[in-house]
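Numbering (my numbering), first residue to last: 24 to 465.
Just so it is clear, CB atoms sit at the ideal spot from N, CA and C, and this is done for glycine as well.
Below you'll find the structure, written out as structure tokens, and then a few comments.
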Amino acid sequence: MAEELFPLPLTPFEYYYWCDDRPEYPTTFPLELLFRGPLKREPLEAAILACLDRHPLLNANLDVSAKFPQWVASQEKLLPLDWHDDLTPIDYAAGRFIDLAQKIGVRVWARTTAERSRLVLQFHHACCDALGALQFVADLLVAYDSAVAGNEPNVKLEPLEPERLIMRADYGLTEAGYKPNWRDALRTARFWLSRLMCKPAIVAAPHSQNTKPANQTDLGYITHVLSKEDRGRLQSRANEADASINDLLLTEFLVALSEWNRKHGGDQRRLVVNVPVSLRTRIDQKLPAANVLGFWFLDRKASQCNDDRALLRGIREELEAVKKWRLPLYFIGGLGYACRFPTLIRRVLRGNKSFATAVLSNSGRALAKLPLEHQHRQWISGGAVLEQITGVPPVRPGTRVSIIVANYAYTTTINLHWDPLELDETAARALLDAYVRRILKS
């Protein structure tokens, strides 16, 4: 069925990420899995092949010869796996850019010893979002566990419905009986006009940093791990404020950014945080990995960040409306209109137009339910215990920092990705530390 899907035109959101892709700012993102125990190569290869069959967009290439690009079945025969029977460092920076016309949208690096193993997956954002990537990872863990046991990798995997990819850009609107109308057209135009006219503040580079930022960590991001107790304190703070943890995370991020720019002589333009919002509905439960995502932009003056209580109330009310009315669909609607003029999106993006100061995504509980054994909520796949999973969204010109907050087992990780052309690792760690201090304040 998967091959019968193709050729498949890009959705407006996929086209956006493909147009924004460039070697110095690739629209790819990593996920890192750390295991206790060894991995086995042949079962992992079998599991990867099984998962590629289940998720067609991650096993496809782009045909860019037509006026508008389209997905076609991949002719690539090489398995996208880099394997070493040791902990050889991963040269991720050299392979961050993926040319989808030549390569499929996922790569895998495996490093394993008798005691520890490391699995890194890289995804192209034109193929799927973070939830789609986690869906692929979940299938990979289950398929690998079956393959190690000598069974077919698919034996414990629930069937997916690849034909639903044809409607992946519908966002449940057809089922809801939605009809396009002038009111929403005007709101979409107003939304995009405000985004195009806005010139967000940029995260300041400390004056003490090197002129040329130093080499960064191998995956280009850093992680702070919150303990179960830290998470409890965060939940208590949110409860006391009659808000969600997500409301609190966004509030403290805006305050941390405002204080950072004030300290380091940054500009005092409006702070804008891009908040990715899943647009999945119940009918997407069997959808293979894809982008079912929109963006919302929290936009505040620096002066509004001085009163964190009022800031939190405003963010809580705004995000309630975002969820109730699915407001990120205005972002998607504008992309759909712009795709009638394919060169328009590329011209705007390649002009290095910045839409946000930073990105903050809360992915929720990662890998919440799998048909696997576990130890203290840490999944056991093929005898190896998955102790931690982390990752980050991409950055782009002007948006120098992206953060994703994720829960796995009993821990919460805060992962920060920075623009290595503008900030060094010392600055990135200082910003992450400042954010964590705000989150955990009494």
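Complete runs of the alpha helix (DSSP H) confined to the region 424 to 464 [at least 4 residues]:
Listed in chain order, they are 448 to 462.
As a quick exercise: from S259, L216, A156 and A313, pick the residue whose alpha carbon is nearest that of Y194.
Considering only alpha carbons, the answer is A313.
Best match in W106, P49, P365 and V248 for proximity to L123 [C-alpha to C-alpha]:
Comparing Cα positions, the closest option is P49.
Through-space distance from S97 to A83, alpha-carbon basis
A direct Cα-Cα distance of roughly 4 Å separates A83 from S97.
For the alpha helix (DSSP H) containing P66, name the first residue and the last one.
Per DSSP, P66 belongs to the alpha helix (DSSP H) from R64 to R77.
Curious, which full-length alpha helix (DSSP H) runs of at least 4 residues does the region 292 to 351 contain?
As summarised for the region 292 to 351, the continuous alpha helix (DSSP H) elements at least 4 residues long and confined to that stretch are 331 to 348, given in chain order.
Span of the beta strand (DSSP E), counted from its first residue to its last, around Q401
Note, Q401: beta strand (DSSP E), Q401 to S404.
Neighbour-count burial assignment, S281, 16 or more Cβ in a 10 Å radius
Buried: at least 16 other Cβ atoms inside 10 Å.
Below 7 Å between beta carbons: does that hold for V295 and F320?
Yes.
Closer than 6 Å by C-beta to D207: which residues in its own chain qualify, once you throw out the five before and the five after it? Chain order, please.
Around D207: no qualifying Cβ.
Within 10 angstroms of the Cβ of E37, are there 16 or more other Cβ atoms? Answer buried if so, exposed if not.
Label assigned to E37: buried.
Helix, strand or coil: how does DSSP classify F276 here?
F276 falls in the helix class under three-state DSSP.
S217 (DSSP reduced to helix, strand or coil):
Here S217 sits in helix by DSSP.
Can you look up T51 in the DSSP assignment and give me helix, strand or coil?
If DSSP states are grouped into helix, strand and coil, T51 belongs with the strands.
For N430, count neighbouring C-beta atoms within 10 Å of its own C-beta (all shown protein chains included) and say buried if the count is 16 or more, exposed if not.
Burial call: buried.
Could you give the distance in angstroms between the alpha-carbon of I306 and the alpha-carbon of T197?
Going by the C-alpha atoms only, they are around 11 Å apart.
DSSP state of Q158, grouped into three classes?
If DSSP states are grouped into helix, strand and coil, Q158 belongs with the helices.
With DSSP collapsed to three states, give me the class of S250.
Three-state DSSP puts S250 in coil, outside helix and strand.
Check whether the Cβ atoms of A279 and R452 lie closer than 7 Å to each other.
No, the Cβ-Cβ distance between A279 and R452 is not below 7 Å.
In whole angstroms, what is the alpha-carbon distance linking W41 and K347?
Straight across, the Cα-Cα distance linking W41 with K347 is about 30 Å.
Residue of K464, T434 and D241 minimising C-alpha distance to A116
Relative to A116, the option among K464, T434 and D241 whose CA is nearest is D241.
What residue from G414, V428, C328 and L439 has the CA that sits closest to H148's CA?
From the listed residues G414, V428, C328 and L439, the smallest Cα separation to H148 is found for G414.
So for V226, helix, strand or coil by DSSP?
It is coil, neither helix nor strand.
To the nearest angstrom, how far is the alpha carbon of E448 from that of I245?
CA-to-CA, the gap between E448 and I245 works out to about 9 Å.
From which residue to which residue does the beta strand (DSSP E) around V382 run?
The continuous beta strand (DSSP E) containing V382 extends over residues A381 to R388.
Which residue from Q125, E186, I225 and E343 puts its Cα closest to that of K309?
Selected option, being the one with the closest Cα: E186.
Label Y458 either buried or exposed according to how many other C-beta atoms from any shown protein chain fall within 10 Å of its C-beta, with 16 as the threshold for buried.
Y458 comes out buried.
Spatial neighbours of N177 in its chain, beta-carbon cut-off 6 Å, leaving aside the 5 residues before and after:
Correct list, in chain order: A73.
For Q93, list the residues DSSP reports as bridge partners.
The beta-bridge partner set that DSSP reports for Q93 consists of P32 and D86.
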